[in-house]
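To start, the structure itself, in structure tokens.
Number of protein chains: 2
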Amino acid sequence: MNRLLAHPVCIIGLGLIGGSLLRDLRAAGQPAFGFTRSCSGARSALSEGFDVSDDLDATLARAEEEQALIVLATPISAIDGILDKIVTLAPTCGITDVASVKAQVYDLVLKHGLAGRYVGSHPMAGTADSGWKASQEGLFRGAAWVITFDHAIDTSGAVSSAWVELWFDVARMIKLTGAEAIPSRVGHHDAAVARISHLPHLLAETQAIVGDNGGALALSLAAGSFRDGTRVAGTAPALVRGMCETNSAALIDCLDEAIELLTEARKGLAAKSPSIAELADAGYRSRIRYEARSGITAKKQDAHAATTSVSGRPVLRLQPGAPGWIRQLAHAESLGARIEVF
Amino acid sequence: MNRLLAHPVCIIGLGLIGGSLLRDLRAAGQPAFGFTRSCSGARSALSEGFDVSDDLDATLARAEEEQALIVLATPISAIDGILDKIVTLAPTCGITDVASVKAQVYDLVLKHGLAGRYVGSHPMAGTADSGWKASQEGLFRGAAWVITFDHAIDTSGAVSSAWVELWFDVARMIKLTGAEAIPSRVGHHDAAVARISHLPHLLAETQAIVGDNGGALALSLAAGSFRDGTRVAGTAPALVRGMCETNSAALIDCLDEAIELLTEARKGLAAKSPSIAELADAGYRSRIRYEARSGITAKKQDAHAATTSVSGRPVLRLQPGAPGWIRQLAHAESLGARIEVF
Numbered sequence: 001m002n003r004l005l006a007h008p009v010c011i012i013g014l015g016l017i018g019g020s021l022l023r024d025l026r027a028a029g030q031p032a033f034g035f036t037r038s039c040s041g042a043r044s045a046l047s048e049g050f051d052v053s054d055d056l057d058a059t060l061a062r063a064e065e066e067q068a069l070i071v072l073a074t075p076i077s078a079i080d081g082i083l084d085k086i087v088t089l090a091p092t093c094g095i096t097d098v099a100s101v102k103a104q105v106y107d108l109v110l111k112h113g114l115a116g117r118y119v120g121s122h123p124m125a126g127t128a129d130s131g132w133k134a135s136q137e138g139l140f141r142g143a144a145w146v147i148t149f150d151h152a153i154d155t156s157g158a159v160s161s162a163w164v165e166l167w168f169d170v171a172r173m174i175k176l177t178g179a180e181a182i183p184s185r186v187g188h189h190d191a192a193v194a195r196i197s198h199l200p201h202l203l204a205e206t207q208a209i210v211g212d213n214g215g216a217l218a219l220s221l222a223a224g225s226f227r228d229g230t231r232v233a234g235t236a237p238a239l240v241r242g243m244c245e246t247n248s249a250a251l252i253d254c255l256d257e258a259i260e261l262l263t264e265a266r267k268g269l270a271a272k273s274p275s276i277a278e279l280a281d282a283g284y285r286s287r288i289r290y291e292a293r294s295g296i297t298a299k300k301q302d303a304h305a306a307t308t309s310v311s312g313r314p315v316l317r318l319q320p321g322a323p324g325w326i327r328q329l330a331h332a333e334s335l336g337a338r339i340e341v342f
Numbered sequence: 001m002n003r004l005l006a007h008p009v010c011i012i013g014l015g016l017i018g019g020s021l022l023r024d025l026r027a028a029g030q031p032a033f034g035f036t037r038s039c040s041g042a043r044s045a046l047s048e049g050f051d052v053s054d055d056l057d058a059t060l061a062r063a064e065e066e067q068a069l070i071v072l073a074t075p076i077s078a079i080d081g082i083l084d085k086i087v088t089l090a091p092t093c094g095i096t097d098v099a100s101v102k103a104q105v106y107d108l109v110l111k112h113g114l115a116g117r118y119v120g121s122h123p124m125a126g127t128a129d130s131g132w133k134a135s136q137e138g139l140f141r142g143a144a145w146v147i148t149f150d151h152a153i154d155t156s157g158a159v160s161s162a163w164v165e166l167w168f169d170v171a172r173m174i175k176l177t178g179a180e181a182i183p184s185r186v187g188h189h190d191a192a193v194a195r196i197s198h199l200p201h202l203l204a205e206t207q208a209i210v211g212d213n214g215g216a217l218a219l220s221l222a223a224g225s226f227r228d229g230t231r232v233a234g235t236a237p238a239l240v241r242g243m244c245e246t247n248s249a250a251l252i253d254c255l256d257e258a259i260e261l262l263t264e265a266r267k268g269l270a271a272k273s274p275s276i277a278e279l280a281d282a283g284y285r286s287r288i289r290y291e292a293r294s295g296i297t298a299k300k301q302d303a304h305a306a307t308t309s310v311s312g313r314p315v316l317r318l319q320p321g322a323p324g325w326i327r328q329l330a331h332a333e334s335l336g337a338r339i340e341v342f
């Protein structure tokens with residue numbers, strides 16, 4: 001059975017991610033409350049019996065009183081201002097966040113002197129929709145959910161017992177949602193998501209435009225490869241910009257690799273005997289490696305079995321605070337392994 | 001009810017496409033026979049009661065005797081040699097093909113002086129698998145199936161009644177499979193498929209490689225956007241090369257557009273205030289336009305409803321050979337419309 005956290009949870013921002021988290025926590029019997037600045041969201045949540053408020057200051061004061069774990073689930077642009085308030089209104093609470101980039105958030109945390117009270121996180125789940133109305137129980141089931149540990153590295157492991165307890169609570173919160181906790185440092189996380197989450201958006205948008213440039217005939221002939229290759233171009237541009245523009249350095253590295261591969265392919269196509277052998281072979285090998293790793297095959301994917309299958313990730317068991325646990329986290333990170341805490 | 005063709009059908013090559021076509025034709029009650037050079041394919045097809053042979057010369061002689069419509073369903077590399085044989089062994093049969101590029105095939109047809117007996121075609125359907133064992137009834141249902149009409153344009157409409165009848169037969173064959181016949185000239189077809197079928201393969205392969213370069217952590221965090229964006233990188237490299245390398249000129253144009261868009265995005269990301277507004281907005285608009293046109297939405301796609309839904313393509317009814325029918329074909333092409341023949 002999953003264990004509840006040592007503290008109640010206070011979620012700031014009840015959109016798709018924050019709202020779905022609140023639903024999962026209630027379903028697991030975990031005490032949790034939240035704040036949303038959306039009046040309609042607050043009304044809806046209240047009508048479903050959730051413990052929510054549209055008063056940020058009061059919510060933070062309550063968090064301090066109940067020693068809650070504060071989960072920042074707002075857009076990144078709002079985080080700086082909320083940390084200002086936390087410093088005065090909730091000066092001893094533990095803090096996590098669910099933002100899709102981690103370096104920018106960690107910089108703000110450091111600026112506010114909160115590193116010893118912060119553990120970052122990022123669930124790799126979502127839909128094209130947003131807002132409380134899009135939130136749903138079970139959204140995170142089986143998804144990867146990154147949990148950071150930079151403070152332990154920065155202090156060479158000399159962390160407080162309160163930070164270890166905070167880290168344990170974040171890991172337990174992830175577990176309660178049915179997600180898989182993957183440890184990663186901030187920088188490694190941002191580099192990885194640039195490759196497998198942010199670049200796909202840029203390529204999908206590019207493909208959508210080039211297809212559209214072909215006019216009615218091209219769109220009429222478009223089949224599965226175009227449909228799947230452009231799917232995430234249907235994500236609201238503001239969300240895509242939020243992810244990509246706050247992770248620009250890592251994303252530029254990936255873009256450069258992509259542009260170089262495509263430029264090489266173009267050269268190959270312009271040759272007297274056109275050839276894309278190198279790209280086609282390497283791309284195929286990479287996809288097969290990914291399929292093997294994730295336990296999906298092209299056929300299984302068609303049946304959308306990937307989302308319900310047993311995890312293909314290696315697992316590492318560890319006890320937060322035990323000797324060597326930080327080394328274990330770094331090891332899990334290098335394997336992309338999920339962790340089980342005990 | 002669908003009408004049978006005026007002639008039997010002779011399919012040369014019984015892989016995924018040729019084999020699936022043979023199955024559909026038999027199911028529709030349409031007389032059809034075929035050739036495969038694969039002994040195991042021939043054995044399997046025979047054991048299922050199909051009328052197939054592994055003797056190409058004898059099959060072509062029979063086609064001539066029965067005045068069959070010959071369907072070239074071999075790899076493009078084999079078509080030159082088969083046309084040589086058709087000139088001597090089946091000198092009066094009508095010919096079509098199902099290759100994924102049309103200019104290269106049409107050049108061979110012209111070289112053999114067969115333009116007056118040829119109508120090209122291309123079904124926009126397939127799976128990652130190949131060979132007779134992968135063939136299946138119903139593979140083409142609802143798919144776009146291009147039918148060319150260059151000979152009518154090249155002769156300013158002064159085509160023989162035999163060519164009109166041939167064109168009618170190819171259109172009826174498409175209808176028997178449940179596919180939708182989309183008229184297009186060879187050059188327009190190749191330009192369109194470069195955009196919506198060949199470029200997606202290059203982008204998927206590029207994405208797969210850049211993701212893989214991120215190692216275990218990146219692959220572990222990969223979710224839906226990476227999975228869908230790399231799906232067609234799992235296609236056998238030989239098939240991808242066959243499509244892309246025989247359509248290099250059109251594909252280079254698309255690649256240049258894609259590389260330019262990505263290079264602009266890179267510039268935007270490297271700016272002091274990183275921005276990908278232009279790409280994100282244009283890509284989103286393009287995807288929404290495609291969704292509206294094809295009648296799918298992100299939600300419907302998730303449920304794989306797109307493949308079973310009613311066609312989103314406009315329809316034009318026409319009578320082959322009637323006054324103005326070539327103008328109607330060009331009009332349908334410009335709309336990406338499907339045609340109904342009567």
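The listed protein sequences derive, respectively, from chains H and C. Just so it is clear: in the first sequence, position 7 is 7 by the UniProt record's numbering, and no numbers are missing. Just so it is clear: in the second sequence, position 259 is 259 by the UniProt record's numbering, and no numbers are missing. C-beta atoms are modelled at their ideal positions from N, C-alpha and C, and glycine is treated no differently.
query, result
"Enumerate in chain order the residues of its own chain whose CB-to-CB distance from residue 348 of chain H is below 7 Å, with the five nearest sequence positions on each side excluded.", "Examination of residue 348 of chain H is not possible in this model, given that chain H is present from 1 through 342 alone."
"Rounded to whole angstroms, what is the Cα-Cα separation between lysine 175 of chain H and leucine 5 of chain H?", "10 Å"
"Does aspartate 107 of chain H have its Cβ less than 7 Å from a Cβ in chain C?", "no"
"What's the gap between the Cα of serine 40 of chain H and the Cα of leucine 261 of chain C?", "39 Å"
"What residues from chain C crowd round isoleucine 17 of chain H, counting only those whose CB sits closer than 7 Å?", "In chain order: nothing, as chain C lies at least about 14 Å away."
"Using 8 Å for Cβ pairs, my map puts tryptophan 132 of chain H next to leucine 14 of chain H. What's the rounded Cβ distance?", "5 Å"
"What is the DSSP secondary structure of residue 413 of chain H, reduced to helix, strand or coil?", "As displayed, chain H neither begins before 1 nor continues past 342, which places residue 413 of chain H out of reach and without an answer."
"Does alanine 305 of chain C get closer than 7 Å to chain H when you measure Cβ to Cβ?", "Caution is warranted here: a pLDDT of 38 is assigned to alanine 305 of chain C, below 50, making its placement in the model unreliable, and no coordinate value can be reported."
"Please tell me whether alanine 192 of chain H and leucine 221 of chain C are closer than 7 Å, where the distance is taken between their beta carbons.", "yes"
"On the criterion of 16 or more Cβ atoms from any shown chain inside 10 Å, does valine 315 of chain C qualify as buried, or is it exposed?", "exposed"
"What in chain C is Cβ-close to aspartate 97 of chain H, meaning under 9 Å?", "By Cβ distance, chain C contributes nothing, its closest Cβ being about 17 Å from aspartate 97 of chain H, past 9 Å."
"Is the Cβ-Cβ distance between serine 286 of chain H and proline 274 of chain C less than 7 Å?", "no"
"CB-CB under 7 Å to arginine 3 of chain H, same chain, minus the five flanking residues each way: which ones, in chain order?", "Arg172"
"So glycine 336 of chain C contacts chain H; which residues on that side make the cut at Cβ distance below 8 Å?", "Gly215, Ala216, Leu217, Ala218, Leu219, Ser220, Leu221"
"Distance check for leucine 83 of chain H and alanine 90 of chain H, CA to CA, integer angstroms please.", "9 Å"
"Do you know how far the Cα of isoleucine 259 of chain C is from the Cα of isoleucine 182 of chain C?", "30 Å"
"Since isoleucine 339 of chain H and alanine 332 of chain H are thought to touch, with beta carbons under 8 Å apart, how far apart are those beta carbons, to the nearest angstrom?", "5 Å"
"Straight-line CA distance for threonine 308 of chain C to alanine 204 of chain H?", "Because the pLDDT at threonine 308 of chain C is just 42, under 50, the model does not fix this residue reliably, and the point stays unresolved."
"Should isoleucine 182 of chain C be flagged as near chain H, meaning a C-beta pair shorter than 7 Å?", "yes"
"Would you list the residues sitting across from threonine 96 of chain C in a DSSP beta bridge?", "C:Val71"
"Can you tell me where the beta strand (DSSP E) holding leucine 329 of chain C begins and where it ends?", "Premise fails: leucine 329 of chain C lies in the alpha helix (DSSP H), 325 to 335, not in any beta strand (DSSP E)."
"What distance in whole Å lies between the Cβ atoms of cysteine 254 of chain C and alanine 194 of chain C, which are believed to be in contact at a cut-off of 8 Å?", "5 Å"
"Compute the distance between the beta-carbons of proline 8 of chain H and alanine 68 of chain H, then report whether it is under 7 Å.", "yes"
"Provide the residue span of the beta strand (DSSP E) that contains isoleucine 76 of chain H, from first to last.", "Neither: isoleucine 76 of chain H is in no beta strand (DSSP E) and is coded neither H nor E."
"What whole-angstrom Cβ distance do alanine 223 of chain H and methionine 124 of chain C have, given they're in contact under 8 Å?", "5 Å"
"Let me check understanding here. Comparing Cα to Cα, which of C:Ser47, C:Ser334, C:Asp24 lies closest to glycine 215 of chain H?", "C:Ser334"
"Return the bridge partner residues of tyrosine 118 of chain H from the DSSP annotation.", "H:Ile95"
"Specify the secondary structure class of isoleucine 12 of chain C as computed by DSSP and reduced to three states.", "strand"
"Can you tell me the Cβ-Cβ gap for alanine 134 of chain C and tyrosine 284 of chain H, rounded? I've got them flagged as a contact below 8 Å.", "With 8 Å as the limit, alanine 134 of chain C and tyrosine 284 of chain H do not qualify as a contact, their Cβ atoms being about 18 Å apart."
"Determine the chain C residues that contact glutamate 134 of chain H at a beta-carbon separation under 7 Å, and present them in chain order.", "Checking the sequence, you will find alanine at residue 134 of chain H rather than glutamate. Near alanine 134 of chain H there are no residues of chain C at all, since even the closest Cβ is about 11 Å away, more than 7 Å."
"Can a CB atom of chain C be found closer than 7 Å to the CB of phenylalanine 226 of chain H?", "yes"
"Leaving out five residues before and five after glycine 94 of chain H in sequence, what residues of the same chain have Cβ atoms less than 6 Å from its Cβ?", "Leu69, Arg117, Leu166"
"Check the Cβ-Cβ distances between arginine 327 of chain H and every residue of chain C, and say whether any is below 7 Å.", "no"
"Would you say isoleucine 259 of chain H reaches chain C, if we count a Cβ-Cβ gap shorter than 7 Å as a contact?", "yes"
"Measure the C-alpha to C-alpha separation of residue 343 of chain C and leucine 25 of chain C and round it to an integer number of angstroms.", "Outside the shown range of chain C (1 to 342) lies residue 343 of chain C, about which nothing can therefore be said."
"Rounded to whole angstroms, what's the CA-CA distance from serine 184 of chain C to aspartate 256 of chain H? Just pull it up for me.", "37 Å"
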